[in-house]
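Below is one structure; the comments refer to it alone.
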Amino acid sequence: MPALLLDGNPVHITEVCTSLALEIGMSPWASDVEVVTIGFGEDLPQLLPTTRIAHMRKATHALRDLSERLLEAHQLPETRHQPYLLLCASPLDADTAWQFAEVIDKSGSVPVTLIAPASSAASHFPDAEILNASLSRPQNLNHAGTAITVQRLEHAAYVQITTALKVSGQPPHPAEGPWQEVPDEPDGMRQCEQPAPQQPTPAAARPSPTAVTDVRGGVFPALLAATTDPSGLRLLPAATTPSEAGAAPGRDGQAAPPAAGQAPASEKTTAADDDKDSSEDGMRPEAEQRQAHDLHAPEIRVLGPVEVTGVDSTGHGPRMAQLAALLFFRPGRSADALCSDMDPASPWSSSTLNARLQGLRRSLGNDPAGHPYVPRRRSGDDPYRLAPGVRCDWNRFLQLTERALPLGPAGLTDLEKALTLVRGRPFGGKPLPWAEPNQQEMITRIIDVAHTVATHRTPAGPHHDLSTARQAIATALDVDDTAELLYRDWLRIEHAAGNRQGLHTAITRVQQINRALDCSMEAATEHLINELLTPARPTPVENV
Numbered sequence: 066m067p068a069l070l071l072d073g074n075p076v077h078i079t080e081v082c083t084s085l086a087l088e089i090g091m092s093p094w095a096s097d098v099e100v101v102t103i104g105f106g107e108d109l110p111q112l113l114p115t116t117r118i119a120h121m122r123k124a125t126h127a128l129r130d131l132s133e134r135l136l137e138a139h140q141l142p143e144t145r146h147q148p149y150l151l152l153c154a155s156p157l158d159a160d161t162a163w164q165f166a167e168v169i170d171k172s173g174s175v176p177v178t179l180i181a182p183a184s185s186a187a188s189h190f191p192d193a194e195i196l197n198a199s200l201s202r203p204q205n206l207n208h209a210g211t212a213i214t215v216q217r218l219e220h221a222a223y224v225q226i227t228t229a230l231k232v233s234g235q236p237p238h239p240a241e242g243p244w245q246e247v248p249d250e251p252d253g254m255r256q257c258e259q260p261a262p263q264q265p266t267p268a269a270a271r272p273s274p275t276a277v278t279d280v281r282g283g284v285f286p287a288l289l290a291a292t293t294d295p296s297g298l299r300l301l302p303a304a305t306t307p308s309e310a311g312a313a314p315g316r317d318g319q320a321a322p323p324a325a326g327q328a329p330a331s332e333k334t335t336a337a338d339d340d341k342d343s344s345e346d347g348m349r350p351e352a353e354q355r356q357a358h359d360l361h362a363p364e365i366r367v368l369g370p371v372e373v374t375g376v377d378s379t380g381h382g383p384r385m386a387q388l389a390a391l392l393f394f395r396p397g398r399s400a401d402a403l404c405s406d407m408d409p410a411s412p413w414s415s416s417t418l419n420a421r422l423q424g425l426r427r428s429l430g431n432d433p434a435g436h437p438y439v440p441r442r443r444s445g446d447d448p449y450r451l452a453p454g455v456r457c458d459w460n461r462f463l464q465l466t467e468r469a470l471p472l473g474p475a476g477l478t479d480l481e482k483a484l485t486l487v488r489g490r491p492f493g494g495k496p497l498p499w500a501e502p503n504q505q506e507m508i509t510r511i512i513d514v515a516h517t518v519a520t521h522r523t524p525a526g527p528h529h530d531l532s533t534a535r536q537a538i539a540t541a542l543d544v545d546d547t548a549e550l551l552y553r554d555w556l557r558i559e560h561a562a563g564n565r566q567g568l569h570t571a572i573t574r575v576q577q578i579n580r581a582l583d584c585s586m587e588a589a590t591e592h593l594i595n596e597l598l599t600p601a602r603p604t605p606v607e608n609v
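Sequential numbering from 66 applies to the sequence shown in our numbering.
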């Protein structure tokens with residue numbers, strides 16, 4: 066298809082071209098496509114992790130680049146199959162449109178397509194199909210033999226995406242406070258020594274080669290294989306304490322594991338003690354240091370899909386839970402800010418906000434003194450907020466981890482207890498924009514804690530526990546399955562267990578994730594894989 070022309074509002078034409086640039090620039094199925102944006106998207110080449118997009122300020126520059134590309138294809142025939150897409154959001158002048166038509170007509174076997182406004186290019190591409198960029202209903206595209214609906218990316222959404230990309234590309238801030246105690250990765254093979262030989266696994270218990278083909282679905286079953294049967298895919302039991310010794314045994318006589326994200330029984334029996342401790346030094350966003358003295362106060366859980374004690378999971382419940390999280394993490398906001406934060410694309414009305422606040426107030430109820438957990442505002446200047454007694458699992462996570470990290474291996478119990486609070490990706494899979502910075506901080510902290518547990522639990526010694534190390538890494542991978550630090554920890558765990566098949570499973574996982582993201586593997590991961598897969602050379606013995 067030499068050209069596809071767009072009609073309609075110029076703003077909508079730009080939005081369609083922007084959407085195509087981002088879609089094709091990141092899609093795995095378009096890895097061979099070379100995209101040239103003309104007059105827009107100047108920041109995309111530096112922001113996107115792929116290198117498919119080139120930006121040209123003027124159409125004449127793109128015309129020259131196209132001519133050079135065709136010359137290259139003539140001299141290097143093996144590159145002729147690579148598509149070349151020109152995206153132009155501004156009208157072309159008549160002379161430039163004519164030159165594009167001439168060059169594209171002579172492109173031969175090189176697939177070249179120009180997408181541009183129809184106003185000035187239609188006369189030079191008489192056979193080109195024209196789509197209306199302003200329509201939101203399906204339109205026939207004869208070349209594809211089907212009806213399509215054009216996708217537009219509004220400028221506000223584009224700014225949000227590019228801002229997020231810029232932030233993600235910035236170097237990380239140095240750790241502060243207790244987080245400076247997160248251990249570095251071990252050097253070389255120092256931590257990967259095998260403490261004890263593993264028993265061979267019966268053939269029937271070995272996983273099939275297809276067990277690792279699903280990249281993004283479910284938990285990591287191979288990671289959770291029991292240490293007594295490294296090649297099996299059974300869920301690992303949680304680390305037991307002396308008080309759990311009499312618990313009902315699971316498979317192979319081991320204690321049955323808790324469900325994903327569920328605390329072990331011993332933690333349930335000590336929940337009151339945990340809540341009591343949290344009143345000593347709990348942390349709160351905005352540095353408010355508000356304490357939860359009421360053990361029966363409602364809790365906002367954000368270390369997974371947002372849940373709030375007493376708020377239903379149906380009807381308006383999920384939105385009220387999100388509103389509660391917003392009030393907790395962003396207290397003191399105005400009504401307009403709350404309405405916009407709850408739905409940036411279509412802000413709530415004041416009546417909707419008041420209705421959800423009333424529903425939340427009824428759901429959370431009152432404290433023992435009779436004061437509502439969602440205080441009523443006495444005047445228009447009063448801030449929207451929650452009562453100081455409302456609890457949050459993120460505060461509890463911070464309290465446990467920041468108390469434990471400076472203790473080194475002695476703090477492992479609290480670190481592992483903190484990981485049991487994690488139920489999945491913080492704020493769920495699609496957080497509201499206001500929550501994205503908080504989500505990223507939580508993900509980073511969870512990865513730090515899981516890495517710390519694995520670092521202390523993997524080497525031989527008094528803290529050696531590969532089952533607990535695996536469980537920590539599995540929890541963090543459910544939160545972020547792209548963090549290669551976790552895969553390196555996983556590789557060290559399987560090597561320490563003598564689990565060759567588990568080692569290859571972890572390698573396959575990280576390779577599949579990188580293929581899905583169209584990214585190269587980190588150098589540290591490649592080095593570790595080569596180190597673990599290369600047999601150790603015996604030390605030469607000199608003849609005396």
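We treat Cβ as the ideally placed atom computed from N, Cα and C, and that holds for glycine.
Express the C-alpha separation of residue j and residue i in angstroms, rounding to a whole number.
i: Val247; j: Gly476; result: 12 Å
i: Gln225; j: Ser405; result: 15 Å
i: Asp192; j: Pro409; result: 41 Å
i: Ala198; j: Thr79; result: 9 Å
i: Glu559; j: Asp249; result: 19 Å
i: Leu360; j: Pro437; result: 16 Å
i: Asp72; j: Leu157; result: 13 Å
i: Trp413; j: Pro453; result: 26 Å
i: Leu610; j: Asp479; result: This structure cannot settle anything about residue 610, because the visible part of the chain is limited to 66 through 609.
i: Pro67; j: Ala162; result: 13 Å
i: Arg461; j: Ala500; result: 18 Å
i: Ala362; j: Pro527; result: 39 Å
i: Asn503; j: Ser84; result: 27 Å
i: Gln35; j: Thr520; result: Within the shown structure, residues of the chain are numbered from 66 to 609, placing residue 35 beyond reach of any answer.
i: Leu418; j: Pro433; result: 27 Å
i: Ser585; j: His516; result: 22 Å
i: Leu597; j: Ala240; result: 30 Å
i: Ala589; j: Arg553; result: 8 Å
i: Val518; j: Phe393; result: 29 Å
i: Glu591; j: Thr116; result: 22 Å
Nearest to residue i by CA position, among the options, is which residue?
i: Val371; options: Gly494, Glu194, His139, Pro412; result: Gly494
i: Gln484; options: Arg456, His126, Ala534; result: It is worth fixing the name first, because residue 484 is Leu in this sequence and not Gln. Nearest C-alpha to Leu484: Ala534.
i: Leu128; options: Ile169, Ser155, Glu467, His381; result: Ile169
i: Cys153; options: Leu470, Ala400, Asp432, Glu107; result: Glu107
i: Ala525; options: Pro110, Leu87, Arg557; result: Arg557
i: Leu131; options: Leu87, Leu113, Thr178; result: Thr178
i: Ala442; options: Asp432, His77, Arg426; result: First, the residue type needs correcting, since residue 442 is Arg and not Ala in the sequence shown. For the residues Asp432, His77, Arg426, the minimum Cα distance to Arg442 belongs to Arg426.
i: Pro498; options: Ala589, Arg395, Ala515, Pro251; result: Arg395
i: Ser428; options: Ser378, Ala402, Met407; result: Ser378
i: Arg565; options: Val98, Thr599, Val232; result: Thr599
i: Trp244; options: Glu587, Glu467, Thr540; result: Glu467
i: Val76; options: Val101, Glu88, Phe105; result: Phe105
Grab me the residues of residue i's own chain with a C-beta within less than 6 Å of its C-beta, minus the 5 sequence neighbours each way, in chain order.
i: Pro93; result: Asp583
i: Val390; result: A quick correction: the sequence has Ala, not Val, at residue 390. Excluding residues within five positions, the ones whose Cβ falls inside 6 Å are Ile365, Val367, Val371.
i: Ala469; result: Gly476, Asp479, Leu480
i: Asn74; result: Ser199
What do you get for residue i, buried or exposed, if any count of 16 or more other CB atoms within 10 angstroms of its CB means buried?
i: Lys171; result: exposed
i: Gly90; result: buried
i: Gly380; result: exposed
i: Lys482; result: buried
i: Ser96; result: exposed
i: Ile512; result: buried
i: Asp458; result: buried
i: Gly369; result: buried
i: Ile103; result: buried
i: Ala166; result: buried
i: Arg490; result: buried
i: Val232; result: exposed
Take residue i and list the residues in its own chain whose beta-carbon comes closer than 7 Å to its own, dropping the five residues that flank it on each side.
i: Arg134; result: Tyr149
i: Val175; result: Leu135, Ala138, Arg145, Tyr149
i: Thr227; result: Asp108, Leu112
i: Ser399; result: none
i: Gly424; result: His381, Met385
i: Gln147; result: Asp97, Glu99
Spatial neighbours of residue i within its chain, please: CB distance less than 8 Å, with the 5 preceding and 5 following residues excluded, ordered by chain position.
i: Leu422; result: Leu388, Val439, Tyr449
i: Leu70; result: Ile180, Ala181, Pro182, Ala183, Ala186, Ala187, Phe190, Ala193, Glu194, Ile195, Leu196
i: Asn207; result: Glu194
Just to check, is the beta-carbon of residue i closer than 7 Å to a non-hydrogen atom of the ligand MN?
i: Arg574; result: With respect to the ligand MN, the structure offers nothing, as it holds no ligand at all.
(message) Is it the case that the stretch 208-219 contacts the stretch 113-130, given that we only count it when at least three CB pairs across the two stretches are under 8 Å?
(response) Counting Cβ pairs under 8 Å, fewer than three are found: no touch.
(request) Pair every Cβ in the stretch 578-594 with every Cβ in the stretch 547-566, then say whether three or more of these pairs are closer than 8 Å. (result) Judged by Cβ distances under 8 Å, the stretch 578-594 makes contact with the stretch 547-566, as three or more pairs qualify.
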